[in-house]
Every structure is written in C-alpha cells, then in structure tokens.
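Have a look at the structure below, then the notes.
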Amino acid sequence: MGSSRTQRWSLQVYGRLPSMMRQRLVRAFKPSYTVGSMTAVTRSDGAVLHVRHSYASHWALPGGLVNRREDVATGAVRETREEVGIEVVLHGQPSVTVDPIKQVVRVIYRAGLAEGVVATDAHPASAEIVEVAWLDASSDATITPESREALEALERSEGVATGRTPGQ
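In terms of the working numbering, the sequence shown opens at residue 993 and continues consecutively.
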C-alpha cells in the first residue's frame, strides 16, 4: 500500500513541474533510444575502412554513441579520430537506420580522408580497437550486421540522390 501511495504522490509532484523540467527528467532517467554515428571512410579505389573491436570477432565501421549535446556529424568525426587516429571529411547527406530491439538510431556518413591524411595512417588508436583494415565490396570478411545494414542504407540513399541503382 505504501508503495502505491508514494508512486501516486510522486506522479502528482511530477505533473506540477514545468514541462521543460518534466522533459529533462524523462530524458535523464528513461531515454527510449540512444543515438550513434558511423562513418564509411572510403578510399579512391572504393575500399572502406573497418575496425575490429577487442570485444568482437567481426569487422565494423568506425563509430559509437553521440555525446549529450553533441552534433551527430561532430560525433562521427570524433569517433573516427578516437578509434583509428585519422581526421576525415564527411561527404553528402547521412543515412539513418533504426534498431527497435536494441533501441538505437544510427546515423551513417560517407567520409573521405582529410587533406594530408593517407590510408596507411589509420591504426588502432584506442584500447577498444585491435585491428583496422580497408575492405572492398568483394571481401569475404565477416562484417557485423549493424555495419552491413549501415552500408546498404548508405548505398540506397546515394543511389536515390544520383538516380542510379545501388551496386551499379
């Protein structure tokens, strides 16, 4: 009984709070989705930079969660720098995937190497990353489902933007 009364009282107090404060409380204690960013860093020959995490056996695109109050594009560049030690330049519009089971929204950017950066500069730059590789579409390397879905979404949106069929 006491727990029910406490809950009711808490909800009444919550209901009297200004809407901005209620919104902040909900976001602080009960976020429904997290937002992550990924980059498909692409060389001139079409190979895409992948990383292998210390806690996984499959290859993945560089990326991670966006920090609070951080712009998604800034997060994508930061995550790439933190994971593989290189600066990149984002190209075009991002694609988005949503995983309702894991409650994650992923924003995927096509990126190129920044001026003065060469492909061989990419290296494991954090304890989280054990290996980096440039993989092309014909590679038989095992890629995480999230990264495969991200690349497919990016190719679909790029195909729509250019009027071509993805894979052509």
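Using N, Cα and C, we set each Cβ at its ideal position, and we do this for glycine too.
Note that the coordinates shown come from a computational prediction; the quantities given were computed from them, not determined experimentally.
Put A1145 into one of helix, strand or coil per three-state DSSP. In this structure, A1145 counts as helix in the three-state DSSP scheme.
Determine the closest residue to R1098 out of L1057, H1050, S995 and E1150, with distance taken between C-alpha atoms. It is L1057 whose Cα lies nearest to the Cα of R1098.
Quick check: what's the CA-CA separation for D1132 versus V1081? Each residue's CA atom was taken as its position, placing D1132 and V1081 some 27 Å apart.
Which residues does DSSP list as the beta-bridge partners of Y1101? T1031.
State yes or no: is the C-beta of S1139 within less than 8 Å of the C-beta of A1052? Yes. Within cutoff.
Where V1005 sits in the DSSP three-state scheme: Three-state result, V1005: helix.
Nonlocal neighbours in the same chain, by C-beta distance under 6 Å from G1084, ignoring five residues either side: Answer for G1084: R1102, listed in chain order.
Between the CA atoms of Y1006 and S996 - distance to the nearest angstrom: A straight line joining the alpha-carbon of S996 with that of Y1006 spans about 15 Å.
Assign E1123 to buried or exposed, taking buried as 16 or more other Cβ atoms, counted over all protein chains shown, within 10 Å of its Cβ. The residue in question, E1123, is exposed, as its Cβ has fewer than 16 Cβ neighbours within 10 Å.
In three-state DSSP terms, what is E1123? Note: E1123 maps to strand in three-state DSSP.
V1080 - containing beta strand (DSSP E), residue span: V1080 to D1091 is the extent of the beta strand (DSSP E) around V1080.
Is S1011 closer than 8 Å to G1067 when the C-beta atoms are compared? Judged by beta-carbon spacing, S1011 lies beyond the 8 Å limit of G1067, meaning their Cβ atoms are not closer than that value.
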